[in-house]
Each structure stands twice: as C-alpha cells, then as structure tokens.
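Number of protein chains: 2
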Amino acid sequence: MLVKTKKHHIDIIENGNVTSPKGFSAGGVHTGIRKAKLDFGWLHSDVPATAAGVYTVNAFQAPPLKVTQQSLSVDHALQTIVVNSGIANACTGEQGMEDALQTRKWVSEKMRVNEHHVAVASTGLIGVTLPMEKIEAGVEAMTHKDNMSCDRFEQAILTTDTVTKKIAIKLKIDGKEITIGGAAKGSGMIHPNMATMLAYITTDANVEAESLQKALRIVTDHTFNMITVDGDSSTNDTVLVLANGLQNNHPLDENHPQWRLFVEALQFVSQELAKQIARDGEGATKLIQVNVKGAPTIETARHVGKAVISSNLVKSAVYGADPNWGRVVCAVGYSNQPVHPDKVDVALGDIHVVKGGLPLPFSEEEAKSYLSNDDVHITINLNDGKESCAAWGCDLTYDYVKINASYRT
Amino acid sequence: MLVKTKKHHIDIIENGNVTSPKGFSAGGVHTGIRKAKLDFGWLHSDVPATAAGVYTVNAFQAPPLKVTQQSLSVDHALQTIVVNSGIANACTGEQGMEDALQTRKWVSEKMRVNEHHVAVASTGLIGVTLPMEKIEAGVEAMTHKDNMSCDRFEQAILTTDTVTKKIAIKLKIDGKEITIGGAAKGSGMIHPNMATMLAYITTDANVEAESLQKALRIVTDHTFNMITVDGDSSTNDTVLVLANGLQNNHPLDENHPQWRLFVEALQFVSQELAKQIARDGEGATKLIQVNVKGAPTIETARHVGKAVISSNLVKSAVYGADPNWGRVVCAVGYSNQPVHPDKVDVALGDIHVVKGGLPLPFSEEEAKSYLSNDDVHITINLNDGKESCAAWGCDLTYDYVKINASYRT
C-alpha cells in the first residue's frame with residue numbers, strides 16, 4: 000500500500016512489524032507472572048542503536064522508567080529492551096528500583112550487551128513487586144530459539160489489550176531502503192498527557208541521537224499524546240525509538256535534505272500505532288477520530304480535540320450511534336479555550352450538523368447509520384484561524400465498565 | 000437533627016425544602032415538552048428578594064442564562080424563577096434569546112412582578128428551540144392552586160435524575176430564626192468547573208446583595224464545583240440564591256457579627272444539595288467522597304481531589320468494590336500538581352492502604368466489604384501542608400453507559 004504524506008510517499012509493508020528493519024529480533028515467553036498468557040518479551044538489535052525516549056508525566060513514575068532513562072543518558076544508545084506484563088513495578092519504592100536494576104544486570108549478562116544499553120519496562124498492576132525468580136527465568140529464556148518471534152514479543156507486552164499492535168513501512172533515504180517498524184500495547188489508562196502506553200519503534204536508518212530525540216518529541220505530541228481511552232495517565236508508559244544505522248545512510252539530522260521525510264515516516268508509524276491503541280481501548284467497539292480545524296493556535300486545537308475525545312457523553316453517544324451533536328458542542332464549550340460559539344461548525348463524517356453554532360437540518364437516519372461504522376470522524380471547524388489537529392479515542396461501552404470493575408479480582 | 004459546623008450549630012428541618020423559608024412558594028405543571036413528566040416549574044417570593052447567581056463557564060452559555068443575568072444586573076433582586084425541563088434552549092441563537100425574553104415577559108405579566116425580577120432557566124436537549132405555545136400554557140398555569148406544591152417544582156426541574164434534591168435548615172441570626180432552603184437538579188453533565196446543574200437556594204434572612212454574591216461564590220467553589228459525575232460541564236447550569244429578608248434581621252454583610260455563621264449555613268445547604276446530585280449521578284449506585292488533606296495549597300488539594308473523583312478507573316473500581324488503590328495513586332500522580340509520591344498516604348474509609356507512596360498490608364475482604372457501602376470515602380493525605388478539601392462523585396456503571404447511549408432516541 001502506498002501512502003502519500005504531505006510531500007512524500009512511503010510504502011506500508013504487509014504484515015510488517017517491529018523486527019522488519021534490518022538487524023532487529025524479538026521474542027516472548029510465559030514465566031508465570033500472568034496465569035496463562037505470555038508475560039515477558041524482548042526486542043534486540045544486533046548492534047547498539049541510537050535511541051530516544053519519552054515517558055509518562057505522572058508524578059508516580061515507576062522504577063523501570065527511571066532505570067531506562069539512566070541507561071539512555073549514558074550514550075543515547077540501546078541494544079536490548081525487556082518488558083514484563085502483569086505487574087507494573089510501580090509504587091514499589093527502593094525494592095522496585097533494586098528489582099529493575101537487577102533485571103537490567105541479568106539481561107546485560109545474558110545478552111552480552113552493556114548494562115547501559117538495556118532498557119526495562121513493566122506494565123500491569125500497581126503496588127506489587129516483581130517475582131524476581133520468574134523474571135530471572137524469563138531472562139534465561141531469551142536466547143532459546145523456540146521463544147523467538149515478533150508475534151510472541153507483541154503478545155508478551157499486552158495486558159487488557161485484545162489485539163497486538165504493529166506496523167512497518169519502507170521509504171528511501173539517500174537512495175537506501177530504510178525500514179521503520181513499531182509495536183505497542185495499551186488499552187486502559189490511555190490519555191493524552193504523554194504516550195501513556197508502551198510503544199517501541201525501530202529503524203535501520205542511521206540517525207543522529209539529538210535529532211532523533213527531537214523528532215520523537217514532535218511526533219509524540221501529534222500522535223500518542225492525542226489519544227485517549229479513559230482520561231487516566233499511567234505511571235509506567237514509555238515510547239522508545241531505536242535506530243541501528245544498518246542501512247548506512249548519511250546520518251540523519253535536521254540538516255539532512257530528507258530529514259522531513261524521515262520525521263513524516265516516523266509520525267506515520269506512531270500515528271498508526273496510536274490509532275490501533277485507541278481502537279482497542281478497553282471495551283471499545285469503534286475508533287473515534289476528532290478533527291479540529293480553523294483554530295487560532297495549535298494549543299487551542301489540541302485542547303478542543305482532547306475535550307471532545309475525552310467526553311464520556313460523546314463516547315457514550317457514539318456507542319449508541321446517537322447523533323447527539325449537542326454533546327460535541329458542549330465539550331468544545333468547556334475546553335477552556337477562546338472559542339467563538341457563533342463561528343463553530345460540526346460535522347459527523349460528511350454530515351454537517353452545526354453551522355455557526357446553530358443546528359442544521361439533517362437526516363437522523365443517515366447520521367445514525369454513519370455512527371454505526373467502526374470508524375467515526377467528528378470534525379469541528381472553529382473558523383477562527385489556520386491551525387488543525389486530530390485526536391483519537393473510542394466509544395464508552397458496558398464492557399469498559401465490566402473490565403474495570405473487576406480488573407484485580 | 001443538629002449539625003455542628005466549625006463553630007456553630009444549625010438544625011436540619013425534617014422534610015424541609017426550598018419553600019421552607021418564610022414567603023416562598025413553588026409549583027409545577029405538565030405542558031407536554033416532555034412526554035409524561037412534569038416539565039415546567041416555578042419558585043416565587045412574596046416580595047422581591049436580594050439575589051445572587053453563578054453560571055456555567057461553558058463558552059456556549061445558553062440564552063436563558065443570559066436573560067437571567069440581565070435581570071439580576073438591574074437591582075440584584077429576583078422574585079420569580081421559572082424552569083422548563085426537556086429542552087435546554089442552548090445553541091438556539093437569536094430565536095433562543097427571543098424565546099427566553101418572551102418567557103420572562105409572560106411571567107412578569109402573569110405574576111405581576113417586574114420583568115427584571117424574573118429569572119428563566121431551561122434544561123434538557125441542546126439545539127432545539129422551545130415550543131412556545133407549551134411555555135405559554137405553563138405560564139398560564141402558574142396561579143392555579145392545584146399546581147402549587149414544592150414537590151411539583153422539584154419534579155418539574157428534573158431530567159435524567161431519579162430523585163428530587165432538597166434540604167432546609169434553621170439557624171438563629173440576631174435572635175431571629177432564619178431558614179435556608181434548597182432545591183436542585185443534576186445527574187449527567189456534572190463536573191467541577193462551575194455548578195453544572197440547576198440549584199436554587201432561598202432564605203428569609205435579610206442579606207446585603209454584594210455580600211450575598213461573594214458568599215455564593217465562595218460556597219460554590221467548595222461545594223457545587225467539587226462534584227463530578229462525568230467530567231462534562233453543561234451549557235445551562237446555574238445556582239441562584241434568593242434572600243427575601245422577611246425575618247427582618249439586621250442586614251447581613253461581612254461586618255455582621257454572625258456573617259460567618261450565615262456563610263457556613265449556606266455552605267451546608269449547598270454541600271447537601273451537591274452530595275444529593277453526586278449520589279444521583281447517571282447510573283450511580285454509590286456516593287464517593289474524596290478527602291484531600293495535607294496539601295500545600297487549596298488549589299493543589301482541589302486538583303488532586305478532582306483528578307481522583309473524575310477517574311473512570313477509580314469510579315469503575317468502586318462500582319466493582321475492588322480495592323484497587325493503584326488507580327487512586329495514579330490519579331493523584333497525573334493531577335499535574337507538585338505531589339511528592341513518597342509522602343502520599345491513602346485510606347479507603349478507615350482502612351489504610353498506602354503509606355508514604357508504598358502499599359500497606361490490608362485485608363482484601365474487609366476492603367471489599369467497605370467498598371460495598373452506599374457511601375465510600377477515599378482519603379488522600381499529601382503530608383505536605385495544611386490545606387484540605389472534599390470532592391464528591393459517583394461510581395461508573397453499566398447504567399451510565401445505557402442512559403447516555405440512548406438519551407435522545
């Protein structure tokens with residue numbers, strides 16, 4: 000499939016994944032942290048890769064995030080990432096730090112990589128310490144051939160997710176075929192205030208470290224930070240991008256003539272993962288995309304988009320395929336932005352329902368039918384500027400309540 | 000029942016309501032805006048009453064709110080309030096303004112009160128204009144004896160509420176027995192960012208206008224602005240307080256020796272109404288009270304309280320009686336406040352579950368049993384100052400989704 004970004008073309012690789020770029024491998028194993036599902040996964044590069052990361056802004060940042068940041072700070076490179084699901088190793092204090100450091104040490108020894116080239120991550124229940132004998136068994140299993148497969152990695156990092164999230168694309172940089180791949184998890188506790196989930200992006204491009212960090216920051220703001228499932232930002236969530244340079248292009252930085260193409264490609268991968276996460280929101284039956292146009296500033300666009308995509312009333316109405324645009328308008332109104340009510344237009348798909356803040360006549364039946372699709376677009380034009388953004392979320396369903404009323408028990 | 004506020008005593012009047020203070024009457028009628036339920040109500044004072052109001056901060060403020068503010072601006076007095084349910088007269092533009100003004104005019108003529116002593120209010124569906132022949136019939140019915148009763152007023156202002164909300168208290172000011180009464184509605188679109196519902200408070204005390212407005216503002220911040228059902232602030236919601244002075248006390252203002260008692264009493268009435276609204280949140284089975292203690296500033300206390308009470312994950316866990324304190328800690332962490340994770344304590348009722356950011360051993364069974372109560376208290380001590388606050392909300396249930404997936408249809 001060929002995708003046209005603003006200026007360029009990129010190719011989506013059929014069944015591509017986070018190991019599609021040259022020199023990456025992955026695997027997963029069941030250690031018993033979770034009852035039956037795979038619960039320990041790893042992603043590895045044959046050579047140390049330039050790396051960048053963004054992390055949750057939650058004040059209760061979990062120990063594995065601190066250890067990963069420590070690793071990255073040494074020389075902005077990573078070679079191996081390990082992830083356990085089931086237990087988040089958050090709110091675990093000194094013991095949690097020790098466990099995350101111990102995990103890093105074991106992985107370093109097992110994989111014969113520098114300790115500071117190892118990233119560790121945990122996702123799951125808060126306030127429980129890691130069963131270290133199981134983590135040790137997981138590390139021990141990392142080199143066993145039977146455990147190797149990207150699918151096993153994608154499975155091992157999931158919690159309440161119902162599907163794995165993955166993508167890979169190809170593009171040409173300096174005449175070389177560069178690949179960018181991604182894997183992610185996230186279903187509950189997803190809210191735009193950082194990439195509140197786990198996402199790993201790999202590429203065989205050669206990218207300069209500081210530029211990679213800048214690119215990730217920009218891309219995250221437009222993608223992972225624009226999704227919400229339930230307004231709850233997690234303690235653990237992390238986006239890491241690894242560029243191992245095996246395609247030997249001229250190092251990409253902001254002065255490279257194809258820098259913009261690379262950033263667009265990175266954004267495309269991030270956006271696809273973000274949308275996959277939103278679509279798989281806990282209990283969700285639909286992906287909702289809110290497009291905000293005509294905003295005076297990008298901040299206004301984002302706040303309006305987030306207010307609408309976060310509204311339980313909008314989410315419930317979409318679930319019920321109820322074209323209750325009043326709730327959309329209401330959410331725009333309480334976004335605390337300088338909105339001019341009499342300029343606001345709203346459309347559900349191609350059906351224009353509000354013009355200048357006032358209702359337009361429309362076919363209820365047609366609107367109901369549109370809202371019954373798996374993909375619902377709500378477009379808000381503030382008619383007050385040139386900035387725009389997109390935000391993604393999902394409907395609020397009985398199953399969201401069901402899943403979250405009994406997560407632990 | 001005798002209630003002890005910080006310094007004083009007030010008496011709760013059994014079966015008291017918004018017409019308990021001297022000189023107030025109320026009624027309601029079915030005009031056909033709603034299928035079968037009462038849909039047009041009124042509250043009247045024998046004499047013009049000093050009045051104060053606070054209104055939604057939603058940018059799409061509805062026409063009736065503008066008309067009411069216009070009325071109040073003339074001489075800070077009101078005598079008659081009319082409310083229709085079923086249609087919110089919001090996003091209705093010029094026609095909506097004309098309809099609200101016409102309603103005010105009819106009421107003024109019918110009740111023989113000054114136009115600027117009439118307040119109008121609407122609650123219900125957004126984007127639909129009022130059926131004015133039905134409103135006219137409602138106004139016509141205002142003097143009919145059969146329609147007079149406070150219960151009919153309380154019924155007529157409801158939408159998805161399942162119960163009426165009311166309270167009245169007595170206290171002594173200048174040796175006179177002053178009464179304060181209240182009525183409210185609100186079930187969905189309830190969020191702390193203004194008193195996002197309708198609430199009417201009456202008193203036969205004599206109160207100076209500017210002081211009444213100040214008192215209402217303070218009280219609202221501590222009560223109606225601290226409740227949430229679903230994070231959605233409405234376009235229409237309003238709190239009005241009317242003081243008709245029929246008890247002939249020395250006019251209350253900030254220099255009156257019993258000013259503080261009066262404000263505490265007003266706060267008590269507001270808090271009781273706010274809690275009744277939270278408890279009757281759409282689909283709710285439980286009232287949740289979040290107490291924040293030890294905050295460095297009142298702003299921090301409020302933001303933390305609102306983050307926790309607004310968390311869908313916390314609300315779902317309470318519904319399922321799941322002592323998942325990790326979600327509480329997580330919400331504290333993403334409240335964007337200067338919180339020190341290693342100082343934070345959390346208790347569910349009297350069960351201490353977190354100390355210094357780390358889990359305490361506790362009986363799951365005991366905690367589950369506590370969370371099965373109709374009233375659930377979650378206490379968070381930040382151990383970083385002396386400020387505190389309370390916030391109120393409800394659990395998130397299947398029925399919330401059910402109600403909101405099909406509100407219009």
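So the sequences go chain by chain: A and B. Position 181 (the first sequence) corresponds to 180 in numbering that gives the first Met the number 0; numbering is contiguous. Position 83 (the second sequence) corresponds to 82 in numbering that gives the first Met the number 0; numbering is contiguous. For glycine and all other residues, C-beta sits at the position ideal for the given N, C-alpha and C.
Can you tell me whether residue 393 of chain B is buried or exposed? The criterion is at least 16 other CB atoms within 10 Å of its CB, across all chains shown. The residue given as residue 393 of chain B occupies position 394 in the second sequence. It is buried - the Cβ of residue 393 of chain B has at least 16 other Cβ atoms within 10 Å.
List the residues of chain B whose Cβ lies closer than 7 Å to the Cβ of residue 124 of chain A, in chain order. Here residue 124 of chain A is taken as the residue at index 125 of the first sequence, counted from 1. 325, listed in chain order.
Going by the CB atoms, is the gap between residue 201 of chain A and residue 245 of chain A shorter than 8 Å? Residue mapping note: residue 245 of chain A aligns to position 246 of the first sequence, counting from 1. Residue mapping note: residue 201 of chain A aligns to position 202 of the first sequence, counting from 1. The answer is no: Cβ separation not under 8 Å.
Is the beta carbon of residue 293 of chain B sitting closer than 8 Å to the one on residue 349 of chain B? By one-based count along the second sequence, residue 293 of chain B stands at place 294. By one-based count along the second sequence, residue 349 of chain B stands at place 350. Not closer than 8 Å, so no.
Helix, strand or coil at residue 172 of chain A according to DSSP, with G and I counted as helix: Taking the first residue of the first sequence as position 1, residue 172 of chain A is located at position 173. Reduced to three states, the DSSP call for residue 172 of chain A is strand.
Can you find a CB in chain B that lies within less than 8 Å of the CB of residue 234 of chain A? For the purposes of this step, residue 234 of chain A is taken as residue 235 along the first sequence, with counting starting at 1. True, the Cβ-Cβ gap to chain B drops below 8 Å.
Determine whether the Cβ of residue 395 of chain B lies closer than 8 Å to any Cβ atom of chain A. Taking the second sequence and counting its residues from 1, one reaches residue 395 of chain B at position 396. Yes - at least one Cβ of chain A is within 8 Å of the one on residue 395 of chain B.
Give the secondary structure of residue 356 of chain B by DSSP, where H, G and I count as helix, E and B as strand, and everything else as coil. Position 357 of the second sequence, counted from the first residue, corresponds to residue 356 of chain B. Coil.
Closer than 9 Å by beta-carbon distance: list the chain A residues that pair up with residue 83 of chain B, in chain order. Within the second sequence, residue 83 of chain B is the residue found at index 84, counting from 1. The premise fails here: residue 83 of chain B is roughly 16 Å from chain A at the closest Cβ pair, so nothing lies under 9 Å.
Name the residues in the region 322-354 of chain A whose C-beta lies less than 9 Å from a C-beta of chain B; which are they? 322, 323, 324, 325, 326, 328, 329, 330, 331, 332, 333, 334, 335, 336, 337, 338, 339, 340, 341, 343, 352 and 353
Sort A:45, A:142 and A:285 by Cα distance to residue 372 of chain A and report the nearest one. Here residue 372 of chain A refers to the residue found at position 373 of the first sequence. The option with the nearest alpha carbon to residue 372 of chain A is A:285.
So who's on the other strand from residue 251 of chain B, going by DSSP bridges? As a working mapping, residue 251 of chain B is identified with position 252 in the second sequence. For residue 251 of chain B, which the question treats as bridged, DSSP gives the partners B:206.
Which word fits residue 193 of chain A, buried or exposed, when buried means at least 16 other C-beta atoms lie within 10 angstroms of its C-beta? Taking the first sequence and counting its residues from 1, the one referred to as residue 193 of chain A is at position 194. Bear in mind that the predicted position of residue 193 of chain A carries a pLDDT of just 32, short of 50, making it unreliable; the figure below should be weighed with that in mind. That one is buried.
Short of 6 Å in beta carbon distance, which residues of its chain neighbour residue 314 of chain B, apart from the five on each side in sequence? Order them along the chain. Walking along the second sequence from the start, residue 314 of chain B turns up at place 315. Correct list, in chain order: 394 and 395.
Check whether chain A comes within 8 Å of residue 381 of chain B, counting only Cβ atoms and requiring the distance to be less than that. By 1-based counting over the second sequence, the position of residue 381 of chain B is 382. Residue 381 of chain B does not count as touching chain A.
Identify whether residue 84 of chain A lies in helix, strand or coil by the three-state DSSP scheme. Within the first sequence, numbered from 1, the residue matching residue 84 of chain A stands at position 85. In the structure shown, residue 84 of chain A sits in a strand (DSSP, three-state: E or B).
I need the straight-line Cα distance from residue 43 of chain B to residue 86 of chain B, nearest angstrom please. What you label residue 43 of chain B is simply residue 44 of the second sequence in a count that begins at 1. What you label residue 86 of chain B is simply residue 87 of the second sequence in a count that begins at 1. Distance between the alpha carbons of residue 43 of chain B and residue 86 of chain B: 22 Å.
In the structure shown, what three-state DSSP assignment does residue 328 of chain B receive? Taking the first residue of the second sequence as position 1, residue 328 of chain B is located at position 329. In this structure, residue 328 of chain B counts as helix in the three-state DSSP scheme.
With a cut-off of 8 Å on the beta carbons, I'd call residue 31 of chain B and residue 237 of chain B a contact; round off their distance for me. Start at 1 with the first residue of the second sequence, and residue 31 of chain B comes out as number 32. Start at 1 with the first residue of the second sequence, and residue 237 of chain B comes out as number 238. Contact doesn't hold; Cβ gap of about 24 Å is too wide.
Who are the neighbours of residue 400 of chain B on chain A, taking C-beta pairs under 7 Å? Counting from one through the second sequence, the residue named residue 400 of chain B turns up at place 401. Neighbours of residue 400 of chain B on chain A, chain order: 315, 318, 395, 396, 397 and 400.
Measure the alpha-carbon distance for residue 165 of chain B versus residue 27 of chain B and round it to whole angstroms. Locating residue 165 of chain B in the second sequence gives position 166, counting from the first residue. Locating residue 27 of chain B in the second sequence gives position 28, counting from the first residue. Straight-line Cα distance between these residues: approximately 15 Å.
Can you find the residues in the same chain that come closer than 6 Å, C-beta to C-beta, to residue 63 of chain B, ignoring five residues on each side of it along the sequence? Taking the second sequence and counting its residues from 1, the one referred to as residue 63 of chain B is at position 64. Here the set comprises 88, 99, 119, 120 and 121.
Report back the beta-carbon spacing between residue 147 of chain A and residue 276 of chain A to the nearest angstrom; my notes put them in contact at under 8 Å. Working through the first sequence from its first residue, we reach residue 147 of chain A at position 148. Working through the first sequence from its first residue, we reach residue 276 of chain A at position 277. Rounded, the Cβ-Cβ distance is 25 Å, inconsistent with contact.
Would you call the region 245-257 of chain A in contact with the region 169-179 of chain A, where contact means no fewer than 3 C-beta pairs closer than 8 Å? yes
Below-8 Å beta-carbon distance, residue 387 of chain B vs any chain A residue: Your numbering for residue 387 of chain B matches position 388 in the second sequence. Chain A, which has no Cβ nearer than 8 Å to the Cβ of residue 387 of chain B, makes this no.
Inspect the beta-carbon positions of residue 125 of chain A and residue 325 of chain B and report whether they are closer than 8 Å. Within the first sequence, numbered from 1, the residue matching residue 125 of chain A stands at position 126. Within the second sequence, numbered from 1, the residue matching residue 325 of chain B stands at position 326. Yes, they are a contact pair.
Bridge partners of residue 147 of chain B, per DSSP? Here residue 147 of chain B refers to the residue found at position 148 when the second sequence is read from its first residue. Residue 147 of chain B is bridged to B:26.
Beta-carbon of residue 72 of chain B versus every beta-carbon of chain A: anything under 8 Å? In the second sequence, counting from the first residue as 1, residue 72 of chain B sits at position 73. With 8 Å as the cut-off, residue 72 of chain B does not count as an interface residue toward chain A.
Can you tell me which of the three DSSP states residue 402 of chain A falls into? Position 403 of the first sequence, counted from the start, is the residue given in the question as residue 402 of chain A. Helix, per DSSP.
Residue range of the unbroken alpha helix (DSSP H) whose run includes residue 102 of chain B: The residue labelled residue 102 of chain B in the question sits at position 103 within the second sequence. Unbroken alpha helix (DSSP H) run through residue 102 of chain B: 92-110.
Other residues of its chain near residue 73 of chain A: CB distance less than 6 Å, five sequence neighbours each side excluded: What you label residue 73 of chain A is simply residue 74 of the first sequence in a count that begins at 1. Excluding residues within five positions, the ones whose Cβ falls inside 6 Å are 115.
Close-in-space but distant-in-sequence residues of the same chain around residue 45 of chain A (CB under 6 Å, 5 per side omitted): In the first sequence, counting from the first residue as 1, residue 45 of chain A sits at position 46. Once the five neighbours on either side are set aside, the close Cβ partners of residue 45 of chain A are 22.
Would DSSP call residue 340 of chain A helix, strand or coil? Position 341 of the first sequence, counting from 1, holds the residue named residue 340 of chain A. The answer is helix: DSSP assigns residue 340 of chain A an H, G or I state.
If we count the other Cβ atoms within 10 Å of its Cβ and call it buried at 16 or more, is residue 310 of chain B buried or exposed? In the second sequence, the residue the question calls residue 310 of chain B occupies position 311. Residue 310 of chain B is buried by the Cβ-count criterion.
Within this structure, are the beta carbons of residue 243 of chain B and residue 25 of chain B separated by less than 8 Å? Translated into positions along the second sequence, residue 243 of chain B becomes position 244. Translated into positions along the second sequence, residue 25 of chain B becomes position 26. Cβ distance not < 8 Å, so residue 243 of chain B and residue 25 of chain B don't count as in contact.
So, is the C-beta of residue 252 of chain A closer than 8 Å to a C-beta in chain B? Indexing the first sequence from 1 puts residue 252 of chain A at position 253. Not one chain B Cβ lies under 8 Å of residue 252 of chain A.
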